[in-house]
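These notes concern the structure reproduced below.
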Amino acid sequence: MITKINNTTFSSTFKVKRCLVINFFILLLVFPELAFTQNLYRHYAESIYYFTKYIHWPGEPEELVIATLGESPLGEELHILEEKLAGEKKIIIKKFKSVAEVTHCHILFVTSSMEHDLKSLAVRAKNEHILLLSEVHDGAKKGAVINFVHQAHHI
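If you read the sequence shown in the working numbering, its first letter stands for residue 2, the second for the next number, and so on.
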């Protein structure tokens, strides 16, 4: 009788896991944007790393600080860069939730949730030698030096 209970428990657990896996794949088929979004921010992080190889800051700092402002999946993707070097510089990743929190950084990615602060940040970025990146609609017109634009699953 114990064996039957264990078999039933095992069988039902297996069915639940199988249902979860099937549901996950159905979600990806129905909502391909979920997969695209994950890859989108990974491409942003790779692009930012590529930029670090060709940009030089005044005073040639020993560390290169890359930061995000606002909530974004990019913050998680950027942590991969902490294991790499930008030339000979160690990469430090920071996350800021508000403009008031923004301190010393070399590259600042402004998320779409912080669009209203982009123009004021542009003035500050110019004075403090910060490369200002954005995913905001018309971000370049609002002061971003590099604006990531994605259309039809392309950056």
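Glycine is no exception: its CB is placed at the ideal position from the N, C-alpha and C atoms. Since we're looking at a predicted model, the values are computed, not measured.
- DSSP places Leu-133 in the uninterrupted beta strand (DSSP E) bounded by 132–135.
- For the pair Leu-65 and His-107, the CB atoms are nearer than the 8 Å cut-off.
- Non-local C-beta neighbours of Pro-74 in its own chain, meaning closer than 6 Å and more than five positions away in sequence, comprise Tyr-42, ordered along the chain.
- Around the beta-carbon of Thr-69, 16 or more other beta-carbon atoms lie within 10 Å, marking it buried.
- For the set His-57, Pro-59 and Gly-140, the Cα lying nearest the Cα of Phe-110 is the one of Gly-140.
- Beyond the five residues adjoining it in sequence on each side, Ser-114 comes within less than 8 Å, by CB distance, of Gly-71, Glu-72 and Ser-73 in the same chain, given in chain order.
- For Ala-68, the pairing in a beta bridge is given by DSSP as Lys-95 and Leu-109.
- Under the three-state reduction of DSSP output, Ile-49 falls in the helix class.
- Around Lys-85, the same chain offers Tyr-50 and Ile-92 as residues with beta carbons nearer than 8 Å, after the five sequence neighbours per side are excluded.
- Take Val-100, set aside five residues on each side of it, and the residues of its chain with a beta-carbon closer than 8 Å to its own are Leu-70, Met-115, Asp-118, Ser-121 and Leu-122, in chain order.
- Taking the Cβ atoms as the reference, Ile-94 lies roughly 6 Å from His-80, within the contact range of under 8 Å.
- Taking the CA atoms as reference points, Ile-131 sits about 17 Å from Ala-46.
- DSSP places Lys-120 inside the alpha helix (DSSP H), whose first and last residues are 119–129.
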